[in-house]
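Report on one structure; see the data block that follows.
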Amino acid sequence: MDACVAVEKEVDKVLCKFTAFQDRSSLLIRGLYSDLENIKKQIDESEASDDCFTLRDSINLLQNQILARTKEIITNLSTEHRDLHSSVSKVGKAIDKNFTADFACVSHENFFDEGKQDMINEVICRHYLREGCLNVAETLIKDTGIDMPEDAKVPFLELNCILTSLKVHDLEPALEWAKKNREKLRAQKSSLEFKLHRLAYITLISEGQHRIKEAIEYARRHLTGFVHQHEKAIQTLLGCLLYVRSGLENSPYADLLSSCQWIEICEVFTRDACALLGLSVESPLAVCINAGCTALPVLLNIKQVMQQQQVHNMWNSKEELPIEIDLGQNYRYHSIFACPILRQQSTESNPPMRLICGHIISRDALNKLTTGNKLKCPYCPVEQSPSDATHIYF
Ligand SMILES: [Zn+2]
38 MDACVAVEKE VDKVLCKFTA FQDRSSLLIR GLYSDLENIK KQIDESEASD
88 DCFTLRDSIN LLQNQILART KEIITNLSTE HRDLHSSVSK VGKAIDKNFT
138 ADFACVSHEN FFDEGKQDMI NEVICRHYLR EGCLNVAETL IKDTGIDMPE
188 DAKVPFLELN CILTSLKVHD LEPALEWAKK NREKLRAQKS SLEFKLHRLA
238 YITLISEGQH RIKEAIEYAR RHLTGFVHQH EKAIQTLLGC LLYVRSGLEN
288 SPYADLLSSC QWIEICEVFT RDACALLGLS VESPLAVCIN AGCTALPVLL
338 NIKQVMQQQQ VHNMWNSKEE LPIEIDLGQN YRYHSIFACP ILRQQSTESN
388 PPMRLICGHI ISRDALNKLT TGNKLKCPYC PVEQSPSDAT HIYF
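According to the numbering used here, the stretch in the sequence shown is residues 38 to 431, in order.
Below, the structure is given as structure tokens:
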């Protein structure tokens, strides 16, 4: 935090100087402009006058004066502008001084080995596809030569196309998609299709009294099918018709017109469509980077402590960090099993194993407790064969 404050101080200084420069330069330029306007007026007048020679002489003199002043102002302004560069570069220096630029020490030793680069490129590429930046993704595929199957792009393209339409309040593509995937959406208890029709209905009534008939017709055609799951919501939608004439915005139903409805529908669509296509709602790359940024200060601190104690490798062979880092509620995705015998977190190579009595211990504990070909459960002393234990997946 101190680092941010220090950099912010420098940025504020630069902004202050920029504003002062801008104010001064626009004042000077405005002054010059009005002088020029004056001269122009005098020239026009001199052309109309009889005694044009004397006037022209004085105008020439004025012109020369104003030219000299313009040159002086421009030179001064450009010198001042040059001085701003040193203030800007001070911000860069403040960033270098206050932040750690080299994070290589906290990453896994072989992380950027050959072969892994392609995987990283693919993850980046999928992120761009997911964000709808098709051109960037295509360029990355071309430049890195990664093998990205054509059909990997299709779901992202379709989702982005629909989301773009939703953002400009066009429900049609989303409705068509929901209709096409109706059965699957129903199976995952999604109310997406109802919410889309609901919004289409609200859009109609929000346009005023002249569309009420159309709205009722729409409700009959599209909302009646949802009566069983959304009875209350449909009652609200029909109840609000009473207030359309006097203005829905001043009625108890005003919240139906809230612009949040459109933000919500985009979220519902993204969540339900991603679930249906087996994609995560958030970009895995964005999640990794955000989690990494949150964990970085703790890792840098622990690295310093470990260096003092001359421990060099932060990552041990079990791919566990030397310290537990709490990333907060948003980054908790699944349960972790800790072995009650060895008090270690399970890993891929040391997974949780279910014994036939129902107790679960880690594979390492199971191997340690096995004598001959027999294993005695440490909780209920049921004797069993270690090969009967089954791998548990969370
Ligand atoms: Zn047992």
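C-beta: ideal position from N, C-alpha, C; glycine also.
Best match in the options for proximity to residue i [C-alpha to C-alpha]
| i | options | result |
| --- | --- | --- |
| Arg282 | Lys221, Arg248, Gln345 and Cys414 | Arg248 |
| Thr240 | Ala224, Ser295 and Asn197 | Ser295 |
| Gln344 | Leu73, Cys142, Arg67 and Lys130 | Cys142 |
| Ser243 | His267, Cys41 and Tyr280 | Tyr280 |
| Ile300 | Lys204, Leu274 and Glu209 | Lys204 |
| His371 | Lys340, Phe431 and Val324 | Phe431 |
| Gly262 | Arg163, Asp184, Arg235 and Gly276 | Arg235 |
| Val42 | Ile132, Gly409, Gln100 and Asp60 | Ile132 |
| Val324 | Gln102, Asn75, His164 and Glu47 | His164 |
| Tyr255 | Ile271, Gln266 and His265 | Ile271 |
| Arg433 | Ile103, Ser288, Ile76 and Arg106 | Residue 433 lies beyond the residue range present for the chain, which begins at 38 and ends at 431; the question has no answer from this structure. |
| Asn101 | Leu121, Asp72 and Glu82 | Asp72 |
| Leu313 | Lys226, His267 and Gly329 | Lys226 |
| Phe58 | Asp120, Lys221, Leu275 and Glu45 | Asp120 |
| His122 | Val48, Arg258 and Asp309 | Val48 |
| Arg106 | His118, Ile66 and Thr201 | Ile66 |
| Asp56 | Glu82, His118 and Ile373 | Per the sequence shown, residue 56 should be read as Thr rather than Asp. Measuring from the Cα of Thr56, the nearest candidate turns out to be His118. |
| Ser62 | Ile80, Val419, Ser115 and Glu82 | Ser115 |
| Ile429 | Gln421, Lys108, Met185 and Glu385 | Glu385 |
Inter-residue CB distance, residue i and residue j (contact presumed, cutoff 8 Å)
| i | j | result |
| --- | --- | --- |
| Leu69 | Ile110 | 7 Å |
| Ile397 | Ile378 | In fact, because the Cβ distance is near 10 Å, the residues do not count as touching under 8 Å. |
| Cys394 | Cys414 | 5 Å |
| Ile433 | Ala211 | Since the displayed the chain opens at 38 and closes at 431, residue 433 lies outside it and no answer follows. |
| Ala215 | Tyr238 | Not really, about 15 Å apart at Cβ, beyond 8 Å. |
| Cys311 | Ser317 | 7 Å |
| Leu322 | Val160 | 5 Å |
| Gly169 | Asn197 | 4 Å |
| Val44 | Val128 | 7 Å |
| Leu260 | Leu274 | 7 Å |
| Ala328 | Tyr368 | 5 Å |
| Ile339 | Ile360 | 5 Å |
| Leu337 | Thr137 | 6 Å |
Counterpart residues of residue i in DSSP-defined beta bridges
| i | result |
| --- | --- |
| Pro186 | DSSP, once it has assigned bridges, lists no residue as partnering Pro186. |
| Ala375 | Gln382 |
| Ile398 | Met390 |
| Glu420 | Lys413 |
Residues near residue i by beta carbon distance below 7 Å, same chain, minus five either side
| i | result |
| --- | --- |
| Lys232 | Ile302 and Val305 |
| Ser124 | Lys50, Val51 and Lys54 |
| Arg167 | Phe193 and Ser320 |
| His206 | Trp299 |
| Ile362 | Ala332 and Val335 |
| Ile183 | Asp155, Asn158, Glu159 and Cys162 |
| Thr181 | Asn158 |
Any non-hydrogen atom of ligand 3 within 7 Å of residue i CB
| i | result |
| --- | --- |
| His396 | Absence of ligand 3 from the depicted structure is noted, with ligand 1 being the only ligands included. |
Residues near residue i by beta carbon distance below 8 Å, same chain, minus five either side
| i | result |
| --- | --- |
| Asn147 | Lys153 |
| Thr427 | Met390 and Arg391 |
| Gly245 | Val281 |
Coil, strand or helix - residue i by DSSP
| i | result |
| --- | --- |
| Lys411 | strand |
| Gln266 | coil |
| Glu195 | helix |
| Ala259 | Reading off the sequence, residue 259 comes out as His, not Ala. Note: His259 maps to helix in three-state DSSP. |
| His428 | strand |
| Thr112 | helix |
| Lys405 | helix |
| Ala332 | helix |
| Arg235 | helix |
| Asn218 | coil |
| Glu319 | coil |
| Asp363 | coil |
| Ala252 | helix |
| Asn147 | coil |
| Met156 | helix |
| Ser227 | coil |
| Asp74 | The sequence shown places Glu at residue 74, not Asp. Looking at Glu74 - three-state DSSP - the assignment turns out to be helix. |
| Gly245 | coil |
| Pro210 | helix |
| Gln344 | helix |
| Ala138 | coil |
| Ser283 | coil |
| Glu168 | coil |
| Tyr368 | helix |
| Ser63 | helix |
| Val205 | coil |
| Ser126 | helix |
| Ser95 | helix |
Cβ-based neighbour list, residue i, same chain, cut-off 6 Å, excluding 5 preceding and 5 following
| i | result |
| --- | --- |
| Asn387 | Ser399, Arg400 and Asp401 |
| Pro423 | Leu403, Thr407 and Leu412 |
| Glu230 | Ala215 |
| Lys221 | Leu313 |
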